[in-house]
Each structure stands twice: as structure tokens, then as C-alpha cells.
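Some notes on the structure that comes next.
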Amino acid sequence: GNSVTQMEGPVTLSEEAFLTINCTYTATGYPSLFWYVQYPGEGLQLLLKATKADDKGSNKGFEATYRKETTSFHLEKGSVQVSDSAVYFCALNTNAGKSTFGDGTTLTVKP
Amino acid sequence: DAGVIQSPRHEVTEMGQEVTLRCKPISGHDYLFWYRQTMMRGLELLIYFNNNVPIDDSGMPEDRFSAKMPNASFSTLKIQPSEPRDSAVYFCASSFLDRGGTDTQYFGPGTRLTVL
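Keeping their order, the protein sequence lines are chains R and E. Taking the working numbering, the leading residue of the first sequence gets 11, the next gets one more, and so forth. Taking the working numbering, the leading residue of the second sequence gets -13, the next gets one more, and so forth.
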């Protein structure tokens, strides 16, 4: 079956630090890969996605590259801000409607 | 579009009472999902529908939980009777498969349920 493994949190960084949150996956077929973000008190929302190998998704300074050879989709940002504090979920979808989510990684950015 | 709409946003009830959570998906989306989120168990998929038909309810914890989707614009999740361990945030999400076969889920703001 499909599965997503995320780097365990929580992650605490100072403002302007570099961020990496690791995500690896196991899937049958050719999944689409996603990063969702959940701000306090809100539902999850799409941050970025990639639909095929070597695609790079990007949004709000965040990036992730679909690496088929390492089955990974690591999230990166060059300079985090306090407003980036949230829970980040890696997910995959293999076109059947249902997505598989990781356990989420809590990021706290301190001024 | 207003996005996925859930009601109520907060619900406090006593053990043994019936609880009904409501969801209006985004118009045109043909998948609807119910999730539960707790600190202990994280995000759990309870059930999902395609074109109003339940496809997978294997995540529904027990017979006390039931979900319906009578039409494309409305779904309910009912807990009867409720128990303190049902306290959680319940999310509804909707999606559609785009031309590339990619499915992005759009989540509602959630209903925070507290069972005393």
C-alpha cells in the first residue's frame, strides 16, 4: 500500500534560518506529491505540489522536488519567517481520489 | 467560491448525546472526505465519497459513527451516542480529479467537538 514518512518534529528555527523537512514515500504506480500547511486553528491548505518525476513545486518561497530515484519530496525554504510557524504535511495521491498523508511536522520560528 | 463550509465551528455536548456535523463541499467537486484530528492520533481519514456514494468507510471507528451525502452539496457526520474520546477536530474536505489525474484536497475550517 501507499505510505508517507515525514521527518519527526517539532522543528524550532530562528528567523531567516534555512528549513528542510524530509519526506519519503512508498507508492504503487506514479503518485502526485503534495505539501499541505496547517496554520493554528485552521484546516490544511495546499502549499505546493508536483505531478511527475523531476518536477519542482514552489510557492511562498518554499520548494520541493519530486525525486523518483530516492522516492523523496523534501520541503525547503531559504529563509523562514515567524509567520511560517505551522504544521506541514507531506501527502501523495495515486489518482483514486484518496490521498495518503504523513504524520505532520510542527515548525516553530522564533524572532 | 466560499470554499468548504462546515458547521458548527464549535460543539460542546454531554456524553450520550447525538452530534451532527455538517459540510458543504466546493461546487463541482466530486469527492468528499471526513477526517478527524487529535494530538494523540494525528489526522485520520474516516470516510470518503465519490459522486455522493461512500467509497471507503474503513476509518470509521465504530457503529456509533455514520455519514451521509444525500446530494452533491451536502454531507453529514453523525455520532450517536457521543463519548468523551470522540473529542477532536473534525475536518471535511472536497476535491476533483483534474485533467492530469491530480487530486488536490480543499479543507474546511473544521468543527471542534468537545464531549463532556
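Every residue, glycine too, gets a C-beta built ideally from N, C-alpha and C. All of these numbers come straight from a predicted model, not from anything done at the bench.
What are the residues that DSSP puts in a beta bridge with Gly67/R? Ala74/R
Give the residues of chain E in contact with Thr80/R, contact being defined as C-beta atoms less than 8 Å apart. Ordered by position in chain E, no residue passes the 8 Å Cβ test against Thr80/R, which lies about 21 Å from the chain.
Span of the beta strand (DSSP E), counted from its first residue to its last, around Asp49/E: Asp49/E -> no beta strand (DSSP E), and no H or E assigned at all.
For the region -5 to 7 of chain E against the region 53 to 72 of chain R, do three or more pairs of beta-carbon atoms, one drawn from each stretch, fall closer than 8 Å, so that the two count as touching? no
Got a sec? Which residues, its chain only, sit under 6 Å from Met75/E by beta carbon, not counting five neighbours each side? Reading the sequence as shown, one finds Val at residue 75/E and not Met. Once the five neighbours on either side are set aside, the close Cβ partners of Val75/E are Gln23, Gly96 and Arg98.
Does His(-4)/E pass the burial test, meaning 16 or more other C-beta atoms within 10 Å, or should it be called exposed? exposed
Which two residues bound the contiguous beta strand (DSSP E) that contains Glu86/R? Leu85 to Lys87
Anything in the region 29 to 44 of chain E with a Cβ closer than 8 Å to a Cβ of chain R? List those residues in chain order, please. Leu29, Leu31, Tyr34, Asn36, Ile41 and Asp42
Which residues in the same chain have their Cβ closer than 6 Å to the Cβ of Ser89/R, if we skip the five residues on either side of it in sequence? Glu26
Is Gly39/R closer than 8 Å to Thr104/R when the C-beta atoms are compared? yes
With 8 Å set as the bound, which would you pick, yes or no: does the beta-carbon of Pro11/E sit closer than that to a beta-carbon of chain R? no
Does the beta-carbon of Asp72/E have 16 or more other beta-carbons within 10 angstroms, so that it is buried, or is it exposed? buried
Are the CB atoms of Phe35/E and Leu54/R nearer to each other than 8 Å? no
If contact is defined by three or more beta carbon pairs under 8 Å, each pair taking one atom from either stretch, is the region 43 to 62 of chain E in contact with the region 76 to 93 of chain R? no
Out of Phe44/R, Pro20/R and Pro50/R, point me to the one whose CA is closest to Phe72/R's CA. Phe44/R
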